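**Student:**
There are 2 protein chains.
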Amino acid sequence: MATFSYTIPLPIRCSTTGNKQDPKKQNLNKIKITGTPTRSVKVDTLSQTAGVAKTSAASVENGHISKEQIRQNIPTKKQFVDYHRQGLIVEGGVGYRQTVVIRSYEVGADKTATLESILNLLQETALNHVWMSGLLSNGFGATHGMMKNNLIWVVSRMQVLVDQYPIWGEIVEIETWVGASGKNGMRRDWLIRSQATGHVFARATSTWVMMNEKTRRLSKMPEEVRAEISPWFIEKQAIQEDVPEKISKLDSNAKYVNSNLKPKRSDLDMNQHVNNVKYVRWMLETIPDQFLESHQLSGIILEYRRECGSSNIVQSLCEPDEDGILNSGLKQNNDMSPLNRFSLASEIMEGNGLLGSLDKVPLRYTHLLQTQGDTQNEEIVRGKTTWKKRQSNIELSNMPFSI
Amino acid sequence: MATFSYTIPLPIRCSTTGNKQDPKKQNLNKIKITGTPTRSVKVDTLSQTAGVAKTSAASVENGHISKEQIRQNIPTKKQFVDYHRQGLIVEGGVGYRQTVVIRSYEVGADKTATLESILNLLQETALNHVWMSGLLSNGFGATHGMMKNNLIWVVSRMQVLVDQYPIWGEIVEIETWVGASGKNGMRRDWLIRSQATGHVFARATSTWVMMNEKTRRLSKMPEEVRAEISPWFIEKQAIQEDVPEKISKLDSNAKYVNSNLKPKRSDLDMNQHVNNVKYVRWMLETIPDQFLESHQLSGIILEYRRECGSSNIVQSLCEPDEDGILNSGLKQNNDMSPLNRFSLASEIMEGNGLLGSLDKVPLRYTHLLQTQGDTQNEEIVRGKTTWKKRQSNIELSNMPFSI
Numbered sequence: 001m002a003t004f005s006y007t008i009p010l011p012i013r014c015s016t017t018g019n020k021q022d023p024k025k026q027n028l029n030k031i032k033i034t035g036t037p038t039r040s041v042k043v044d045t046l047s048q049t050a051g052v053a054k055t056s057a058a059s060v061e062n063g064h065i066s067k068e069q070i071r072q073n074i075p076t077k078k079q080f081v082d083y084h085r086q087g088l089i090v091e092g093g094v095g096y097r098q099t100v101v102i103r104s105y106e107v108g109a110d111k112t113a114t115l116e117s118i119l120n121l122l123q124e125t126a127l128n129h130v131w132m133s134g135l136l137s138n139g140f141g142a143t144h145g146m147m148k149n150n151l152i153w154v155v156s157r158m159q160v161l162v163d164q165y166p167i168w169g170e171i172v173e174i175e176t177w178v179g180a181s182g183k184n185g186m187r188r189d190w191l192i193r194s195q196a197t198g199h200v201f202a203r204a205t206s207t208w209v210m211m212n213e214k215t216r217r218l219s220k221m222p223e224e225v226r227a228e229i230s231p232w233f234i235e236k237q238a239i240q241e242d243v244p245e246k247i248s249k250l251d252s253n254a255k256y257v258n259s260n261l262k263p264k265r266s267d268l269d270m271n272q273h274v275n276n277v278k279y280v281r282w283m284l285e286t287i288p289d290q291f292l293e294s295h296q297l298s299g300i301i302l303e304y305r306r307e308c309g310s311s312n313i314v315q316s317l318c319e320p321d322e323d324g325i326l327n328s329g330l331k332q333n334n335d336m337s338p339l340n341r342f343s344l345a346s347e348i349m350e351g352n353g354l355l356g357s358l359d360k361v362p363l364r365y366t367h368l369l370q371t372q373g374d375t376q377n378e379e380i381v382r383g384k385t386t387w388k389k390r391q392s393n394i395e396l397s398n399m400p401f402s403i
Numbered sequence: 001m002a003t004f005s006y007t008i009p010l011p012i013r014c015s016t017t018g019n020k021q022d023p024k025k026q027n028l029n030k031i032k033i034t035g036t037p038t039r040s041v042k043v044d045t046l047s048q049t050a051g052v053a054k055t056s057a058a059s060v061e062n063g064h065i066s067k068e069q070i071r072q073n074i075p076t077k078k079q080f081v082d083y084h085r086q087g088l089i090v091e092g093g094v095g096y097r098q099t100v101v102i103r104s105y106e107v108g109a110d111k112t113a114t115l116e117s118i119l120n121l122l123q124e125t126a127l128n129h130v131w132m133s134g135l136l137s138n139g140f141g142a143t144h145g146m147m148k149n150n151l152i153w154v155v156s157r158m159q160v161l162v163d164q165y166p167i168w169g170e171i172v173e174i175e176t177w178v179g180a181s182g183k184n185g186m187r188r189d190w191l192i193r194s195q196a197t198g199h200v201f202a203r204a205t206s207t208w209v210m211m212n213e214k215t216r217r218l219s220k221m222p223e224e225v226r227a228e229i230s231p232w233f234i235e236k237q238a239i240q241e242d243v244p245e246k247i248s249k250l251d252s253n254a255k256y257v258n259s260n261l262k263p264k265r266s267d268l269d270m271n272q273h274v275n276n277v278k279y280v281r282w283m284l285e286t287i288p289d290q291f292l293e294s295h296q297l298s299g300i301i302l303e304y305r306r307e308c309g310s311s312n313i314v315q316s317l318c319e320p321d322e323d324g325i326l327n328s329g330l331k332q333n334n335d336m337s338p339l340n341r342f343s344l345a346s347e348i349m350e351g352n353g354l355l356g357s358l359d360k361v362p363l364r365y366t367h368l369l370q371t372q373g374d375t376q377n378e379e380i381v382r383g384k385t386t387w388k389k390r391q392s393n394i395e396l397s398n399m400p401f402s403i
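As given, the protein sequences belong to chains A and B, one line each in that order. Numbering follows our numbering, in which position 114 of the first sequence is assigned residue number 114; successive positions increment by one, without gaps. Numbering follows our numbering, in which position 395 of the second sequence is assigned residue number 395; successive positions increment by one, without gaps.
1. Do you know whose CA, among B:Leu284, B:Val209, B:Tyr165 and B:Tyr304, lies nearest B:Met146's CA?
2. Per DSSP, what kind of secondary structure is A:Ser248 in: helix, strand or coil?
3. What residues from chain B crowd round A:Gln73, counting only those whose CB sits closer than 9 Å?
4. For A:Arg382, which residues of its own chain have a beta-carbon under 6 Å away from its beta-carbon, when the five flanking residues on both sides are left out?
5. Could you check how far apart the C-beta atoms of B:Ser266 and A:Arg281 are, in whole angstroms? I think they sit under 8 Å.
6. With which residues is B:Trp422 paired in a DSSP beta bridge?
7. Per DSSP, what are the beta-bridge partners of A:Arg97 in this structure?
8. I believe B:Ile89 touches B:Phe80 by the beta-carbon criterion, under 8 Å. Please report the beta-carbon distance rounded to the nearest angstrom.
9. Go to A:Lys278, then tell me how far its alpha helix (DSSP H) extends in each direction, as first and last residue.
10. What in chain A is Cβ-close to B:Gly134, meaning under 9 Å?
11. Comparing C-alpha positions only, which one of B:Lys111, B:Gly134, B:Thr197 and B:Ala204 sits nearest to B:Leu121?
12. Short of 8 Å Cβ to Cβ, which residues in the region 225–251 of chain A face chain B?
13. Using DSSP with H/G/I as helix, E/B as strand and the rest coil, what is B:Ser133?
14. For A:Asp189, which residues does DSSP report across the bridge?
15. State the start and end residues of the unbroken alpha helix (DSSP H) segment that holds B:Gly145.
16. For B:Arg364, which residues does DSSP report across the bridge?
17. How big is the Cα-Cα spacing for A:Glu319 and A:Thr385?
18. Taking the alpha carbon of A:His199 as the point to measure from, which residue in B:Ser230, B:His273, B:Leu250 and B:Arg71 has its own alpha carbon closest?
19. Helix, strand or coil for A:Val225, going by three-state DSSP, please let me know.
20. At the 7 Å Cβ level, is B:Pro37 part of the contact set with chain A, yes or no?
21. With a threshold of 7 Å between beta-carbons, can B:Tyr256 be considered close to chain A, or not?
22. Got a sec? Which residues, its chain only, sit under 8 Å from A:Ser294 by beta carbon, not counting five neighbours each side?
23. Please list the terminal residues of the continuous beta strand (DSSP E) segment that includes B:Ser298.
24. State the Cα-Cα distance for the pair A:Gly87 and A:Ser117, rounded to the nearest angstrom.
25. By DSSP, does A:Leu115 sit in helix, in strand, or in coil?
26. Taking the beta strand (DSSP E) that B:Glu257 belongs to, which residues open and close that run?
27. Going along chain C, which residues have a C-beta under 8 Å from A:Asp289?
28. Using 7 Å as the limit for Cβ to Cβ distance, is B:Val101 near chain A?
29. With a threshold of 7 Å between beta-carbons, can B:Asn253 be considered close to chain A, or not?
30. Can you check whether the C-beta of B:Arg85 is within less than 7 Å of a C-beta belonging to chain A?
31. Closer than 9 Å, Cβ to Cβ, to anything on chain B: give me those residues from the region 274–286 of chain A, in chain order.
32. Quick test of the definition: if touching needs 3 or more C-beta pairs under 8 Å, does the region 93–112 of chain A touch the region 145–162 of chain A?
33. Should A:Ser104 go down as buried or exposed, given a rule of 16 or more other Cβ atoms within 10 Å for buried?
34. At a cut of 8 Å, does the region 153–172 of chain B reach the region 88–102 of chain B through at least three beta carbon pairs?
35. Can you list, in chain order, the residues of its chain with a C-beta nearer than 8 Å to that of A:Leu284? Leave out the 5 residues immediately preceding and following it.
36. So, are the CB atoms of B:Ile380 and B:Gln370 less than 7 Å apart?
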């Protein structure tokens, strides 16, 4: 089990009865900080133009407000539009959608967004969802009820399916929302769409549970927390998955092993944990380059078991599922995992037909990251990746057009 | 000498006589791609609302337009506003300014933007400047004249001074522009400012020369290229530096050496070169952790000597300048490098006074990245970094305020 970077998976209940504002809070727009030379906090005119209700500073405790809070300018009330983040509250007031341009440094050698960039954008939009809720605090998204109980969110499972990778300069819309997961957990889902065509590039889902920050033990969801967050839950699922796929545990007989991996300072997040993207990089780097050059990741599942800190030495194990999709998927339709269903469906929709898709058999790998201990190893995260053959450059080459 | 990721340092001359549009090009807004099922390219209503003149597709060659070009939606004419990138043409039509929110994954364990993130944002805004010019092509920013002559831009020197690092969620404005550098080169500068206060967080400058893509030899600037780009040049400099500081070459006696560094697939850019940010990471990782924990980088100079590809094995050398600022800077005012001037000035402005700043003596390190060959090593990049002691948490802690 690991914290998923800043571990703030959910927004908090807010009144949705319009823009009524507490007049006392409104005064925050005119805050001046004692001891700061001359400037007052400039009111954001662009946001005003866009009709955004904004408060200039975050939570006020005991008459004190931190310089950091003013620089971050975290809203204290629910916002419906955020001009700077290009974000909007959607889904009847509980979902969030953000428009994002794929940046030059977010793409790899093939000019398409990397999986790492996609994971980063999922985290960013989840956090911005909470940001918009008006109750994001320095506690990184825990609700008041959670903070009272010393509870934080930790991610237990994450799944991403990529049908097509957006390219440099492409405009995408990322939508995210939360739902219930069992009695004590929460699900957060995402959809990444092409803004131009509406095509769904990627889908993702994740499940979260609460942990006591002090004891590091998992916790039930207290009733007061349920009352805060459950109004934000919606049923919609980005990935239909009746029974989550189990990932088997690898041992030292795994075909590919990278040992002595050491987290660097730059791999740590604000919680001093190795960040999620680094986990994925360690997993993927264990797969031979030759395979990576001719294949593209179409799906990944991560099952988190344990936190990984800066002092851990890590080992990455990887084993190809030689039977690929042909045995595990097509033969027994009931067993067909969502990873493969999504990938196949998109190929059929693209006009390749079932036969066309068979010669692009996706391959699957099982992964394990574990700490290397003197006496025993401990699991950090299990993974499963699904791949399809890279299409030739046809997709990116010139095509005829008519005006 | 190395290509600086996508090596597109400059915009191209465009008519600035308003929004007159070629009626033939206008039709591109209604393009349908033969063979694509139903959707036409959706017109971007948000951009229209913002009064942005936009063409939906990029350059049309021989009656063909690539699917990639439509997805990227590169403008064929100069744009003055880009809603999605939050970009504006400024400085009388030749400079570019973009508003950026510091994202959750762009900050390190201390919640401030990392140097890597800042370098990424410099690259991104430079490219978006060219994007706005209306002539960005698949050749990554080379002008028509350059493409005709098989010329590409390569960066030869880069300097960044950081006074203060923006924090997670902070809104910054990045301004960039170009100028002449000698007879055959170009300078690109940047300023990163707090949107709220106007405080300059960071300044950067870089110099670029042209290289023949085929022969990999440096080239003079052809007259037709000069005619294209020189109208974009302005005199303003982000960093005043009369004589660029020379960086001495380290040898194997350097105090800190990291060997056998291997570029990974994820470190390569679209040109299959190791990207600039990876260079900096290799340099900084050679400095002991203990120093990094108590110090913050305030300046870096990079002198590029050679391209580094995926097959190179790299060595990172590092040597502290034990004399620090006291000998090299304060004693002989004429020798005082801009790196130190900037850092000192900001400390004095912050009310620490000169004495206050002396107990925070910046330290300086000299760096070298070189390829490890069987018979000889070849320089990739020389570097110089300047550091100041991390401030205690006072800056980020609670401060009194008055309404």
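Each residue gets a CB set at the ideal place from its N, CA and C atoms; glycine is no exception. Bear in mind that the values here come from a model prediction, so they are computed numbers and not experimental data.
**Tutor:** Walking through what the data contain:
1. To locate residue 146 of chain B, count along the second sequence from 1; it is residue 146. For B:Met146, the closest C-alpha among the options B:Leu284, B:Val209, B:Tyr165 and B:Tyr304 is that of B:Val209.
2. As a first step, residue 248 of chain A is located in the first sequence; it is residue number 248 there, counting from the start. A:Ser248: coil per DSSP, three-state reduction.
3. On the first sequence, position 73 is the one that residue 73 of chain A refers to. The sequence given here has Asn at residue 73 of chain A, not Gln. Residues of chain B passing the Cβ test: Gly169, Glu170, Ile171 and Ala196.
4. Taking the first residue of the first sequence as position 1, residue 382 of chain A is located at position 382. Closer than 6 Å at the Cβ level, and outside the excluded window around A:Arg382, lie Ile247, Glu303 and Leu368.
5. For the purposes of this step, residue 266 of chain B is taken as residue 266 along the second sequence, with counting starting at 1. For the purposes of this step, residue 281 of chain A is taken as residue 281 along the first sequence, with counting starting at 1. Yes, they are in contact, since the Cβ atoms of B:Ser266 and A:Arg281 sit about 6 Å apart, within 8 Å.
6. Nothing about residue 422 of chain B can be read from this structure; chain B reaches only from 1 to 403.
7. As a working mapping, residue 97 of chain A is identified with position 97 in the first sequence. Bridge partners of A:Arg97: A:Leu88 and A:Glu175.
8. The residue labelled residue 89 of chain B in the question sits at position 89 within the second sequence. The residue labelled residue 80 of chain B in the question sits at position 80 within the second sequence. About 5 Å; that satisfies the 8 Å criterion.
9. Locating residue 278 of chain A in the first sequence gives position 278, counting from the first residue. Run containing A:Lys278: Asn276 to Glu285, per the alpha helix (DSSP H) assignment.
10. Sequence index remark: in the second sequence, residue 134 of chain B carries index 134 (1-based). The contact set of B:Gly134 on chain A, defined by CB atoms closer than 9 Å, is empty, because the minimum CB distance reaches about 14 Å.
11. Locating residue 121 of chain B in the second sequence gives position 121, where the first residue counts as 1. Taking the Cα of B:Leu121 as reference, the smallest distance to any Cα among B:Lys111, B:Gly134, B:Thr197 and B:Ala204 is reached at B:Ala204.
12. Answer in chain order: no residues at all.
13. Here residue 133 of chain B refers to the residue found at position 133 when the second sequence is read from its first residue. The answer is helix: DSSP assigns B:Ser133 an H, G or I state.
14. Taking the first residue of the first sequence as position 1, residue 189 of chain A is located at position 189. Residue pairing by DSSP places A:Asp189 opposite A:Trp177 and A:Thr205 in a beta bridge.
15. In the second sequence, residue 145 of chain B corresponds to position 145, counting from 1. For B:Gly145, the enclosing alpha helix (DSSP H) has its first and last residue at His144 to Lys148.
16. Here residue 364 of chain B corresponds to residue number 364 of the second sequence, with the count starting at 1. Per DSSP, B:Asp321 and B:Thr386.
17. As a working mapping, residue 319 of chain A is identified with position 319 in the first sequence. As a working mapping, residue 385 of chain A is identified with position 385 in the first sequence. In a straight line, the C-alpha of A:Glu319 is about 10 Å away from that of A:Thr385.
18. Translated into the one-based positions of the first sequence, residue 199 of chain A becomes position 199. Residue B:Arg71 is the option with its Cα nearest to A:His199.
19. Within the first sequence, the letter at position 225 stands for residue 225 of chain A. In the three-state reduction of the DSSP assignment, A:Val225 falls in the helix class, which pools H, G and I.
20. Stepping through the second sequence from its first residue, residue 37 of chain B is reached at position 37. Unreliable positioning characterises B:Pro37 in this predicted model, as indicated by a pLDDT of 32, which lies under 50. A coordinate reading is not provided.
21. Along the second sequence, read from residue 1 onward, the residue named residue 256 of chain B stands at position 256. False, the Cβ-Cβ gap to chain A never drops below 7 Å.
22. For the purposes of this step, residue 294 of chain A is taken as residue 294 along the first sequence, with counting starting at 1. The answer, listed in chain order, is Lys389 and Arg390.
23. Residue 298 of chain B sits at position 298 when you count from the first residue of the second sequence. In the DSSP assignment, B:Ser298 falls within the beta strand (DSSP E) that extends over His295 to Tyr304.
24. For this step, residue 87 of chain A is matched to residue 87 along the first sequence. For this step, residue 117 of chain A is matched to residue 117 along the first sequence. Their backbone Cα atoms lie some 18 Å apart in a straight line.
25. The residue you call residue 115 of chain A lines up with position 115 of the first sequence. Helix, per DSSP.
26. In the second sequence, residue 257 of chain B corresponds to position 257, counting from 1. Note that residue 257 of chain B is Val in the sequence shown, not Glu. Boundaries of the beta strand (DSSP E) harbouring B:Val257: Tyr256 to Leu261, taken from the DSSP string.
27. Annotation note: the requested chain C is absent from the structure, which comprises protein chains A and B.
28. Working through the second sequence from its first residue, we reach residue 101 of chain B at position 101. Yes, B:Val101 lies at the interface with chain A (some Cβ there is under 7 Å from its Cβ).
29. Walking along the second sequence from the start, residue 253 of chain B turns up at place 253. Chain A, which has no Cβ nearer than 7 Å to the Cβ of B:Asn253, makes this no.
30. Position 85 of the second sequence holds residue 85 of chain B. By this cut-off, B:Arg85 is an interface position.
31. Residues Asn275, Val277, Arg281, Leu284 and Glu285.
32. With a cut-off of 8 Å, the region 145–162 of chain A and the region 93–112 of chain A do not count as touching, because too few Cβ pairs lie within range.
33. For the purposes of this step, residue 104 of chain A is taken as the residue at position 104 of the first sequence. Buried: at least 16 other Cβ atoms inside 10 Å.
34. With a cut-off of 8 Å on Cβ pairs, the region 153–172 of chain B is in contact with the region 88–102 of chain B, counting three or more such pairs.
35. Against the first sequence, residue 284 of chain A aligns to sequence position 284. Counting only Cβ-Cβ distances below 8 Å, and skipping sequence neighbours, we find Leu115, Leu292, Leu297 and Thr385.
36. For the purposes of this step, residue 380 of chain B is taken as residue 380 along the second sequence, with counting starting at 1. For the purposes of this step, residue 370 of chain B is taken as residue 370 along the second sequence, with counting starting at 1. Yes, Cβ-Cβ distance for B:Ile380 and B:Gln370 is below 7 Å.
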